[in-house]
Amino acid sequence: MKILVAISNVPDTTTKIAFSDGDTKFSTQGVQFIINPYDEWYALVRALELKETGKATAVTLFHVGLVDSEATIRKGLALGADDAVRVNAESPDSFFVAEQIAKYAKENAYDLILVGKETINYNGSSVGGMIGGLLDFPFVSLATKLDVNGNTATVEHDIDGGIQVVECATPLVISCSKGMAEQRIPNMRGIMAARTKPITVVEATTDAPLTNIKSFALTAGRTICKYIDANNVEELVSLLHNEAKVI
Amino acid sequence: MSVLVYIEIAKGKIKKASLEATNYAAQIATQLGTSATAIAFNADAAQAEEIGKAGAKKVLVVKGDQYKNNDAVYLGVAIEQAAKAEGAKVIITSFDVTGKSLAPRLSAKLKAGLVAGAVDYPTVNGNVLEVKKNVFSGKATAVYTINSDVKIISLMPNSFPVKLSDNKAEVADFAVDLGGITSKIVIKETKSTDTAGMIPLPEAELVVSAGRGLKGPENWGIIEDLAKAIGATTACSRPVADMHWRPHHEHVGQTGIAIRPNLYIAIGISGAIQHLAGVNGSKTIVVINTDKEAPFFKSADYGIIGDAFEVVPKLTEAIKKLKASN
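The listed protein sequences correspond, in order, to chains A and B. For reference, each letter of the first sequence is one residue, going 3 to 249 in the numbering used here. For reference, each letter of the second sequence is one residue, going 91 to 416 in the numbering used here.
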């Protein structure tokens, strides 16, 4: 069983967001980049566990991005992925990313395509479902547990007000969420080995993007906090009822 | 050239998110000089009527057992055929569990640009729609242009109003040719995580959340009592979920779930950036913490500096008094 894990290069969670070029680009000045946590802690670690228990034979990382992403890709290789593929392009949107993944996965017959449930920078939650639509593969979203037996995947995933357990024959696409695996720290051996693992660079498809980002804006912060005395909670209740009108 | 909106019925009721989507669809249909058509699966007459009241000019009712599990494989085929039949160039869904499977699948099948999680009405610029959504986990917004012929917008839940009128929709059965396809996904078991009659967290409009300041899982009684008094759902910060004080589905934050309730009360939570990313879309935030330097106060509308074990029970009593007097 071959597993393809799609990873995004995202600003770390403590980044102070800023924009440049007249608010049309995300400013990368001074920003630390990491693998999108959902891709790394859940999709990638689970794939590695499946390889460690003999259920999968290979774990390949897939990334759409320019050469500055290679440091992030190496982190994924240091955790234990066998190799990586980088599509040399700056992605305009989720569909573009999905197109690249779908094309590669189809040409190389992957059994499982794992993505994180969303990226922490664009929060689209769309790439997995789009790959499923492009390849006509089943797609299971918001998965919190994944097991494989031969060619059958057993997946637990979040639904409205509950959890559903499903079974599906491979190949399929799964978006991964909290609960699927635990974050790992790469060890020295892994970091050394990552230096010589292959990152194959391929060119992107050339279709015009379906969507583009026109502009960004920072979200306005809340206005000043109104403090209420701890001995006067009735005032808070009154404000919530009469001023905020939420209760 | 209508606007097509997907309606979801859960536990016999039209989901609030679907009514929001219908209102939105009707609004943009007016902008585009057309009307909104809703597609609902196994809806009865009363449900179709409610969809009309939310602004749909026409309701297409599709019947079939295959749709009962909201499998995007079947829903997608039906909506594709309905969009074609109606000449719909814009498709609206909610950015909820089903929407997160359905909208992307439709996007791929129709080569239709998708903005997922829209927070505003679109601007019409000739053949292009410009739509705003949250990015960077709510720290910013981005305006996307949808350049494709067919466009899909999925809406952030609890971001748009529901206004009901006495509009009467034309209701028609719509026959879908599934062409014998079967979804490969087999459902083995469904478990409910609903706790004690609380509304599921992603849909809750009132949320009471607590963190490490509570010192231990045995102290959560005061939180549950407050939530009960308000009619709220309980949530928690990441550390207490990781320590198994609270179930993982209560964890709100950057690596948990993001919520946008009308009221979010945070008790004993310091307010790390990763937690804020999950709750900054809340309409009103109340922070209760003993530490006056807790960063959460900078993102709060109302704050109480005090000991949760004293403040929270008093707050519960005050809420009960309010409810009793109304």
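Even for Gly, the Cβ is constructed at its ideal location relative to N, Cα and C.
Within the same chain, show all residues whose beta-carbon is closer than 6 Å to that of residue i, passing over the 5 residues directly before and after it, in chain order.
| i | result |
| --- | --- |
| B:V331 | Reading the sequence as shown, one finds Ala at residue 331 of chain B and not Val. Same-chain partners within the cutoff: H338, H341. |
| A:V89 | V66, Q102, V204, A206 |
| B:E140 | I104 |
| B:N370 | G228 |
| B:Y355 | Here residue 355 of chain B is Ile; the residue named in the question, Tyr, does not match the sequence. V298, V376, listed in sequence order. |
| B:L109 | A144, V252 |
| B:Y164 | Q156, Y157 |
| B:F131 | V152, Y157 |
| A:L238 | I230 |
| B:A115 | V93, V95, A126, I182 |
Quick one, which of the options has its alpha-carbon nearest residue i's?
| i | options | result |
| --- | --- | --- |
| A:T62 | A:D41, A:A246, A:A8 | A:A8 |
| B:G305 | B:P292, B:V376, B:A398 | Before going further, note that residue 305 of chain B is Lys rather than Gly in the sequence given. For B:K305, the nearest C-alpha among the options comes from B:A398. |
| B:I395 | B:S389, B:K404, B:K382 | B:K382 |
| B:A173 | B:Y96, B:F387, B:G358 | B:Y96 |
| B:A107 | B:A119, B:Q171, B:Y164, B:I182 | B:I182 |
| B:A265 | B:A175, B:A193, B:A348 | B:A175 |
| A:L220 | B:N224, B:T112, B:A130 | B:N224 |
| A:N189 | A:V12, A:F35, A:G82, A:S71 | A:G82 |
| A:P211 | B:G343, B:Y234, B:D315 | B:Y234 |
| B:H334 | B:A348, B:P307, B:Q344, B:G311 | B:P307 |
| B:G154 | B:K147, B:K274, B:D134, B:I242 | B:D134 |
| B:A261 | B:K143, B:K404, B:N113, B:Y392 | Looking at the sequence itself, residue 261 of chain B is Val, so the reference to Ala does not match. The option with the nearest alpha carbon to B:V261 is B:K143. |
| B:I129 | B:A119, B:Q171, B:N159, B:D161 | B:Q171 |
| B:I313 | B:R328, B:T283, B:R336, B:P329 | B:R336 |
| B:A259 | B:L150, B:T406, B:S372, B:E98 | B:L150 |
| B:F386 | A:K247, A:V248, A:G223, A:S240 | A:G223 |
| B:S415 | A:E245, A:A246, A:S240 | A:S240 |
| A:S10 | A:T213, A:E236, A:V129 | A:V129 |
| B:S238 | B:D186, B:A232, B:E279, B:K199 | B:K199 |
| A:D95 | B:E293, B:G203, B:T188 | B:G203 |
| B:G301 | B:L366, B:A162, B:K148, B:V167 | B:L366 |
For residue i, count neighbouring Cβ atoms within 10 angstroms of its own Cβ and tell me buried if that reaches 16, exposed if not.
| i | result |
| --- | --- |
| B:K413 | exposed |
| A:N123 | buried |
| B:D267 | exposed |
| B:L254 | exposed |
| A:N234 | exposed |
| B:G269 | exposed |
| B:G102 | exposed |
| B:N217 | exposed |
| B:N113 | buried |
| A:P39 | buried |
| A:M132 | buried |
| A:N151 | exposed |
| A:Q34 | exposed |
| B:Q137 | buried |
| B:I271 | exposed |
Enumerate in chain order the residues of its own chain whose CB-to-CB distance from residue i is below 8 Å, with the five nearest sequence positions on each side excluded.
| i | result |
| --- | --- |
| B:Q117 | G145, Y211 |
| A:T26 | I215, K216, S217, F218 |
| B:K410 | A319 |
| B:Q121 | Y211, P212, V214 |
| B:K124 | This sequence places Thr at residue 124 of chain B; Lys is not what is there. Same-chain partners within the cutoff: M91, S92, V93. |
| A:T202 | D85, A86, V87, R88 |
| A:I165 | T146, E158, H159 |
In chain order, what residues of the same chain have a beta carbon less than 7 Å from the beta carbon of residue i, not counting five sequence neighbours either side?
| i | result |
| --- | --- |
| A:A45 | V7, L116, V117, G118, C178 |
| A:T260 | As displayed, chain A neither begins before 3 nor continues past 249, which places residue 260 of chain A out of reach and without an answer. |
| B:A119 | S92, V93, S125, A126 |
| B:D315 | T406 |
Going by DSSP in three states, residue i sits in which element: helix, strand or coil?
| i | result |
| --- | --- |
| B:Q171 | helix |
| B:L122 | coil |
| B:K222 | strand |
| A:L151 | Sequence check: residue 151 of chain A is Asn here, not Leu. Reduced to three states, the DSSP call for A:N151 is strand. |
| B:I312 | helix |
| A:S93 | coil |
| B:H339 | helix |
| A:A250 | With chain A represented from 3 up to 249, any question about residue 250 of chain A goes unanswered, as that position is not in the structure. |
| B:N379 | strand |
| A:K77 | helix |
| B:F131 | strand |
| B:E279 | strand |
Taking Cβ-Cβ distances shorter than 7 Å, what residues in chain C pair up with residue i?
| i | result |
| --- | --- |
| B:F387 | Absent from the structure: chain C. Protein chains present are A and B. |
Query raised in the report: Given a limit of 8 Å on CB to CB distance, which residues of the stretch 338-354 of chain B reach chain A?
Result: H338, H339, H341, Q344, T345, G346, A348, N352, L353
Report task. Check each residue of the stretch 368-379 of chain B: if its Cβ is closer than 8 Å to any Cβ of chain A, include it; give the result in chain order. Result -> Residues passing the 8 Å Cβ filter: N370, K373, T374, I375, V376, V377.
Query raised in the report: In chain order, what residues of the stretch 48-81 of chain A put their CB closer than 7 Å to some CB of chain B?
Result: For the stretch 48-81 of chain A, there are no residues whose beta carbon sits under 7 Å from a beta carbon of chain B.
**Report entry** Interfacial residues, the stretch 4-20 of chain A to chain B, with Cβ spacing under 7 Å
**Finding:** T15, T16, I19
Query raised in the report: Which residues, in chain order, does the stretch 222-256 of chain B contribute to contact with chain A at a C-beta distance below 7 Å?
Result: From the stretch 222-256 of chain B, only N224, V225, F226, S227, G228, K229, A230, T231, A232, V233, Y234, T235, I236, N237, S238 have a Cβ closer than 7 Å to chain A.
Query raised in the report: Residues in the stretch 99-110 of chain B with C-beta within 7 Å of chain A's C-beta atoms, listed in sequence order?
Result: A100
Query raised in the report: At a Cβ cut of 8 Å, what residues of the stretch 150-167 of chain A count as close to chain B, listed as they run along the chain?
Result: T156, D160, I161, D162, G163, G164, I165, Q166, V167
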